């Protein structure tokens, strides 16, 4: 199954013609999950480090030392460390942009221009990484740094001119959604399967299409376009955006879980960190927009 996240869509951790069956079909020792093709990494699922691993089988045959099952493979610690590094880079550059790029009347245009430039380059780097065969830590960290500059200036503008305290509220909201989805996923309240994936993908494509049309009307017609990002409709679509972001997180958690179970290479942790960072940025932006609309109408 492929996540809605563009990183995981490009390189899903477990595949069956683009999908994986999750209904009571967890990886089994000695072979791939029921209903799926062979492990895409050519390694044994967790539980049997030697099945499907010819080098490990040779070790057994010739009596060579047996390496730990997790050697060279992605672990949860790897994902946590890479995600912390990526998010930490974003947060540091966002704080620096907030402090060093003033948004007073004399400098706001210059700061906003720098932020837009950083955001565009970050988007380009995101697409480059999404279509690369392997994770590139420099590209991922550069994306995080530039995205941080964009978010830092944008948050400062919203906080200074529209809604005081909006940035902190958006951060707390994003953290709350992340924690809630993680708890719900680990408790089994969210069942990530093919039907869930199809629903989220259809909803996401419809959402993005509507936002693109609204942007085109805003650019060529002026004003707020079709009004999907302001007023009551803006709040409604902001809530929908947050719910979609929560669904993306669930898909990302499943992809990480499957990557670990199938013995994904250690460097894949950078892709997991990249994908999770993109999803959290999405959720933060939706929270910031909703708060700006609500407090801006006071």
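In UniProt numbering, the protein residues as written are 1 to 298.
Idealized CB from N, CA, C, for every residue including glycine.
Just so it is clear, the structure is predicted and the values come from calculations on it, not from any experiment.
| Item | Value |
| --- | --- |
| Bridge partners of residue 265, per DSSP? | 73 |
| Per DSSP, what kind of secondary structure is residue 214 in: helix, strand or coil? | helix |
| For residue 124, tell me which candidate among 111, 139, 134 has the shortest Cα-Cα distance. | 139 |
| Do residue 207 and residue 237 count as a contact pair if the criterion is CB distance below 9 Å? | yes |
| Hey, how far is the Cα of residue 144 from the Cα of residue 128? | 14 Å |
| Three-state secondary structure (DSSP) at residue 176? | helix |
| Compute the Euclidean distance between the alpha carbons of residue 293 and residue 234, then round it to the nearest angstrom. | 7 Å |
| When the Cα atoms are used, what is the spatial distance from residue 134 to residue 231? | 42 Å |
| How is the alpha helix (DSSP H) around residue 110 delimited, first residue to last? | 108-130 |
| Suppose the cutoff is 6 Å on Cβ atoms and the five residues either side in sequence are ignored; what does the same chain contact list for residue 150 look like? | 115, 118, 119 |
| Report the three-state DSSP secondary structure of residue 183 (helix, strand or coil). | helix |
| I need the straight-line Cα distance from residue 278 to residue 106, nearest angstrom please. | 32 Å |
| So is residue 109 buried or exposed if we call it buried at 16+ other beta carbons inside 10 Å? | exposed |
| Could you check the C-alpha separation between residue 257 and residue 146 for me, to the nearest Å? | 29 Å |
| Anyone know if the C-beta pair for residue 165 and residue 90 falls short of 9 Å? | no |
| Between which two residues does the alpha helix (DSSP H) holding residue 152 run? | 137-157 |
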